[in-house]
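Heads up: the sequence shown runs through residues 1 to 278, numbered per this note's numbering.
The beta carbon of each residue, even a glycine, is placed where N, CA and C say it ideally should be.
First up is the structure itself, then whatever we jot down about it.
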Amino acid sequence: MLLPKTQSKNQLKKRRLQRVTLQAHQVTQNLQIHSAIALTPEQKHYLTNVLRLELGAEFIALDRQGGWWLSQLAIAADGETIQAKIIDQLENNSELFAHITLGIAMPKGSNIESIIRQTTELGVRQISPLFSDRTVIKSGTDIGTQKRDRWQRIAEEAAELSLRNYVPEINPPQSFKEWLNNSTQLLEQSHKYICVIRADVPHLLNALQSVNLQSINDVEARSQIFMAIGCEGGWTEREEEMAIAAGFIPVSLGDRVLSAVTAPVVALSIVSAFLEAC
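Next up, the structure:
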């Protein structure tokens, strides 16, 4: 929920304002009250033509780093260009206290778009699309910048609609082995789970409950949770062994076999519910 620094009725109404996610090049320097933001052509079109906002109208600019800035449409110094002017900083407590990274073996077709959208709503902070032994698209395939950009835009839109502080980062696709190797040092200081289709492993919720995250003195360790979820057919035995060797704990999502689209949503729902109840 959005929590302005002062709790007047007027400020509480600002929750309903339209939210616009800034691009990385728009926040290369620290934003502050009275800062001017040069809007992109797409942002200008959206604000003035789609939303039909006029000069002086307010909206919320999200800086991708957790900052919410109450902004106002204004004319730049040249007397012609429409820009945004920051008039206040807002606070938002909608984020989970843990940083959740999802490694997802890419499902068939465009199903990963649904996964990105729904897990963003549930609080994921980083998503790594993965090539696995059972993915239809094999390691080394060029996914293409256009498709990756589309995935990032989907995350931005979902973050705006769900009142997120942060826009999840969608990493370039990589092999499961590369993801494990590149993350080894960081993973050693975090909580790591791989969802498998087996009856001899603990349920994810039980695994989370066995670790009192709030009691861990190392804040960095407490705030890192990694989830690995396979595609249709799940992980192979070889991949499970690789993950266990990298420190992952095998867990179950229940007695039913879930689709590649449903499994990450269920996993993130369990994690987010657990964290919010802590």
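Distance, residue j Cα to residue i Cα
| i | j | result |
| --- | --- | --- |
| residue 290 | residue 132 | No statement about residue 290 is possible, as the shown extent of the chain runs from 1 to 278 and does not include it. |
| residue 61 | residue 68 | 6 Å |
| residue 250 | residue 229 | 11 Å |
| residue 90 | residue 63 | 12 Å |
| residue 223 | residue 193 | 14 Å |
| residue 58 | residue 252 | 46 Å |
| residue 170 | residue 78 | 37 Å |
| residue 200 | residue 270 | 19 Å |
Burial state of residue i, where buried means 16 or more other Cβ atoms lie within 10 Å
| i | result |
| --- | --- |
| residue 92 | buried |
| residue 254 | exposed |
| residue 239 | buried |
| residue 155 | buried |
| residue 231 | buried |
| residue 248 | buried |
| residue 273 | exposed |
| residue 107 | buried |
| residue 264 | buried |
| residue 32 | exposed |
| residue 75 | exposed |
Three-state class that DSSP yields for residue i in the structure shown
| i | result |
| --- | --- |
| residue 90 | strand |
| residue 52 | coil |
| residue 146 | helix |
| residue 242 | helix |
| residue 119 | helix |
| residue 153 | helix |
| residue 160 | helix |
| residue 45 | helix |
| residue 219 | Because residue 219 sits at a pLDDT of 49, beneath the cut-off of 50, its placement in the model cannot be relied upon, and the following sentence gives the value as read from the coordinates. In the structure shown, residue 219 sits in a helix (DSSP, three-state: H, G or I). |
| residue 6 | Reliability of the predicted coordinates at residue 6 is poor, the pLDDT of 43 falling under 50, and no value is obtained from them. |
| residue 179 | helix |
| residue 129 | strand |
Whole-Å CB distance - residue i paired with residue j, under 8 Å assumed
| i | j | result |
| --- | --- | --- |
| residue 127 | residue 227 | Between residue 227 and residue 127 the Cβ distance is about 10 Å, and since that is not below 8 Å, they are no contact. |
| residue 116 | residue 261 | With a Cβ gap of about 11 Å, residue 116 and residue 261 do not count as contacting. |
| residue 70 | residue 88 | 4 Å |
| residue 275 | residue 98 | 5 Å |
Proximity test, residue i beta-carbon vs the ligand MG heavy atom, cut-off 7 Å
| i | result |
| --- | --- |
| residue 127 | The model depicted lacks the ligand MG and carries no ligand whatsoever. |
Among the options, the one whose alpha carbon lies nearest that of residue i
| i | options | result |
| --- | --- | --- |
| residue 30 | 270, 65, 247, 76 | 65 |
| residue 34 | 110, 83, 118 | 83 |
| residue 259 | 242, 277, 235, 274 | 235 |
| residue 280 | 205, 96, 104 | Only positions 1 to 278 of the chain appear in this structure, which leaves residue 280 out of reach. |
| residue 147 | 206, 164, 237, 173 | 173 |
| residue 153 | 268, 28, 42 | 42 |
| residue 94 | 144, 164, 36 | 164 |
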